[in-house]
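>
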Amino acid sequence: MKQIVNIQMPSYSQLVEATFIALRELGGSGKNDEINAKAISVLKLPDEILDIPHLNSTSLSEIHYRLAWARTLLKNYGAIANSARSVWTITPDFSNKKSVDGSYIQRNFHQKSKTNISPEISDDQLENSGLDLPDEIKPWRKKLYEVLINMNPYSFEKLSQRLLRECGFDDVHVTKKSGDGGIDGTGKLRINGIFSFNIAFQCKRYQGSVGAAEIRNFRGSLTTDIEKGVFITTGSFSKPAIEESSNPGKQQIDLIDGEEFITKLAEYGIGVREIKDYEIDEEFFSKI
1 MKQIVNIQMP
11 SYSQLVEATF
21 IALRELGGSG
31 KNDEINAKAI
41 SVLKLPDEIL
51 DIPHLNSTSL
61 SEIHYRLAWA
71 RTLLKNYGAI
81 ANSARSVWTI
91 TPDFSNKKSV
101 DGSYIQRNFH
111 QKSKTNISPE
121 ISDDQLENSG
131 LDLPDEIKPW
141 RKKLYEVLIN
151 MNPYSFEKLS
161 QRLLRECGFD
171 DVHVTKKSGD
181 GGIDGTGKLR
191 INGIFSFNIA
201 FQCKRYQGSV
211 GAAEIRNFRG
221 SLTTDIEKGV
231 FITTGSFSKP
241 AIEESSNPGK
251 QQIDLIDGEE
261 FITKLAEYGI
271 GVREIKDYEI
281 DEEFFSKI
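For the record, in the sequence shown the residue sitting at position 15 is 15 according to the UniProt record's numbering, with numbers rising by one throughout.
1. To the nearest angstrom, how far is the alpha carbon of Arg165 from that of Val172?
2. Per the DSSP calculation, Arg165 is bridged to which residue(s)?
3. Could you give the DSSP three-state label for Ser194: helix, strand or coil?
4. So the beta strand (DSSP E) residue 323 belongs to, where does it begin and stop?
5. Are Phe20 and Ala79 close, meaning C-beta to C-beta below 9 Å?
6. From this set, Cys203, Met151, Lys228, Arg66, which residue's C-alpha is nearest Gln252's C-alpha?
7. Give the straight-line distance between the Cα atoms of Met1 and Leu189, rounded to the nearest whole angstrom.
8. In angstroms, rounded to a whole number, what distance separates the CA positions of residue 292 and Ile194?
9. Give the DSSP-derived three-state secondary structure of Asn6 in the structure shown.
10. On the CB-based measure, 16 or more other CB atoms within 10 Å of its CB, does Asn6 come out buried or exposed?
11. Along the chain, where does the alpha helix (DSSP H) that runs through Val230 open and close?
12. With 16 as the cutoff for other CB atoms within 10 Å, does Asn32 come out buried or exposed?
13. According to DSSP, is Asp123 helix, strand or coil?
14. To the nearest angstrom, how far is the alpha carbon of Ala241 from that of Ile288?
15. Assuming Val174 contacts Glu146 under a Cβ cut-off of 8 Å, what Cβ separation, rounded to an integer in Å, is found between them?
16. If contact is defined by three or more beta carbon pairs under 8 Å, each pair taking one atom from either stretch, is the stretch 34 to 46 in contact with the stretch 93 to 107?
17. Assuming the contact rule is C-beta atoms closer than 8 Å, Thr91 and Leu131 should be a hit. Round their C-beta distance to whole Å, please.
18. If we ignore side chains and look at the alpha-carbon of each, how far apart do Asp51 and Phe284 end up?
19. Select from Gln14, Ile105, Asn150, Ala39 the residue whose C-alpha is nearest the C-alpha of Leu26.
20. If you drop the 5 nearest sequence neighbours on each side, which residues of the same chain put their C-beta closer than 6 Å to that of Leu148?
21. Return the chain-ordered ranges of every beta strand (DSSP E) run that is complete within the stretch 1 to 80 and spans a minimum of 3 residues.
22. Roughly how many angstroms lie between the CA atoms of Ala266 and Asn128, to the nearest whole one?
23. Which one or two residues does DSSP pair with Asn108 in a beta bridge?
24. So is Gln161 buried or exposed if we call it buried at 16+ other beta carbons inside 10 Å?
25. Which value, in whole angstroms, describes the spacing of the CA atoms of Asn150 and Lys143?
26. Secondary structure at Val172, three-state DSSP: helix, strand or coil?
27. Helix, strand or coil for Thr89? Go by DSSP, reduced to three states.
28. Which stretch, first to last residue, makes up the alpha helix (DSSP H) that contains Glu244?
29. Since Gly258 and Ser286 are thought to touch, with beta carbons under 8 Å apart, how far apart are those beta carbons, to the nearest angstrom?
30. If you follow the alpha helix (DSSP H) that Phe94 is in, where does it begin and where does it stop?
31. Can you tell me whether DSSP reads Leu144 as helix, strand or coil?
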């Protein structure tokens with residue numbers, strides 16, 4: 001099922017240009033979330049664009065799906081490169097450039113992938129081009145997302161408990177069976193073995209966006225001894241929810257969306273294991 005994209009959605013050419021500018025403004029390097037936020041700021045995108053979901057993905061919005069491909073297109077062009085830890089950098093050949101031509105990069109993609117030249121690159125052209133899939137949309141992530149969505153709520157809370165422990169939290173406890181609508185668990189975050197903060201977390205298996213109201217409700221359920229809140233979801237967070245979580249003068253709430261949750265599960269090897277494979281370089285053998 002294909003996503004019906006709002007006509008205001010930026011083209012890949014625009015996103016490629018905005019992504020390069022975002023990396024420059026970040027000092028020449030950045031992680032996915034930093035680059036996404038900066039590119040969205042560069043383009044001054046309204047909230048209604050940000051909340052459009054990409055139906056063929058997991059919890060990705062349409063704009064984040066396209067930004068993932070924009071980075072891949074820039075990498076294919078040689079303008080940026082990424083490390084194993086998803087840190088993107090502008091390559092030396094482009095370090096002195098202030099911008100790139102998105103239309104030219106689009107034509108470069110069509111030439112390399114031998115796809116039909118069109119005013120806008122389609123998802124099918126990208127996914128069948130032979131380019132490496134962006135990490136965010138690899139098939140294993142969608143399969144894991146479906147597993148998470150189909151877990152019972154209490155099991156998802158226990159999984160979140162395990163992940164928080166792996167992330168360095170201590171004394172992590174699930175408070176009671178899910179369904180109370182408030183705090184799902186508590187723990188302590190220790191820093192350098194000296195300082196500690198009492199935390200509480202809430203877990204929601206959402207398929208859409210968590211709104212600002214859910215963040216406010218969670219904050220309202222925190223007792224006075226809780227110094228930090230963590231909201232975990234399989235879905236995403238709306239822009240108002242993100243703004244509400246860091247509202248000055250209010251208790252700060254850390255957010256873990258579905259994409260970050262899946263990334264952390266893979267990072268700590270919780271329920272998944274890496275399988276190494278080899279790709280045959282047919283061009284190499286043909287030139288011997």
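Idealized CB from N, CA, C, for every residue including glycine.
Note that this is a predicted model, so its numbers are computed, not measured.
Per the coordinate set shown:
1. Approximately 7 Å, taken between the alpha carbons.
2. Within the DSSP bridge table, the entry for Arg165 names no partner.
3. A quick correction: the sequence has Ile, not Ser, at residue 194. Of the three classes helix, strand and coil, the one that applies to Ile194 here is coil, per DSSP.
4. Within the shown structure, residues of the chain are numbered from 1 to 288, placing residue 323 beyond reach of any answer.
5. Yes, the pair counts as a contact, with Cβ atoms nearer than the cut-off.
6. The shortest C-alpha separation from Gln252 is found at Lys228.
7. Confidence at Met1 is low in this model, with a pLDDT of 40, below 50, so its placement is unreliable and the value that follows should be read with caution. The alpha-carbon atoms of Met1 and Leu189 are separated by roughly 42 Å.
8. Since the first residue of the chain shown is 1 and the last is 288, residue 292 is not available in this structure.
9. Summary for Asn6: the model assigns pLDDT 44, below 50, so the residue's position carries little reliability; its value from the coordinates is reported in the next sentence. DSSP, read as helix, strand or coil, puts Asn6 in coil.
10. For Asn6, the predicted model reports a pLDDT of 44, less than 50, meaning its position is unreliable and no value from the coordinates is stated.
11. That residue, Val230, is in no alpha helix (DSSP H); its beta strand (DSSP E) goes 228 to 233.
12. Residue environment analysis places Asn32 among the buried positions, since at least 16 neighbouring C-beta atoms fall within 10 angstroms of its C-beta.
13. Here Asp123 sits in helix by DSSP.
14. About 57 Å.
15. With a Cβ gap of about 23 Å, Val174 and Glu146 do not count as contacting.
16. Because the criterion of three Cβ pairs below 8 Å is not met, the stretch 93 to 107 and the stretch 34 to 46 do not touch.
17. 17 Å between Cβ atoms; not a contact.
18. Cα to Cα, Asp51 sits roughly 44 Å from Phe284.
19. Ranking the options by Cα distance to Leu26, first place goes to Ala39.
20. The answer, listed in chain order, is Thr234.
21. The stretch 1 to 80 is shown to contain whole beta strand (DSSP E) runs of 3 or more residues at 29 to 31, in chain order.
22. Taking the Cα positions, Ala266 is about 25 Å away from Asn128.
23. Its beta-bridge partners do not exist; DSSP assigns none.
24. When all chains shown are included, Gln161 counts as buried.
25. If I take the Cα positions, the gap works out to 11 Å.
26. It is a strand residue.
27. In the structure shown, Thr89 sits in a strand (DSSP, three-state: E or B).
28. Judged by DSSP secondary structure, Glu244 falls within the alpha helix (DSSP H) whose first and last residues are 239 to 245.
29. With a contact defined as Cβ atoms closer than 8 Å, Gly258 and Ser286 miss out at about 42 Å.
30. Phe94 -> no alpha helix (DSSP H), and no H or E assigned at all.
31. DSSP, reduced to helix, strand and coil, places Leu144 within a helical segment of the structure shown.
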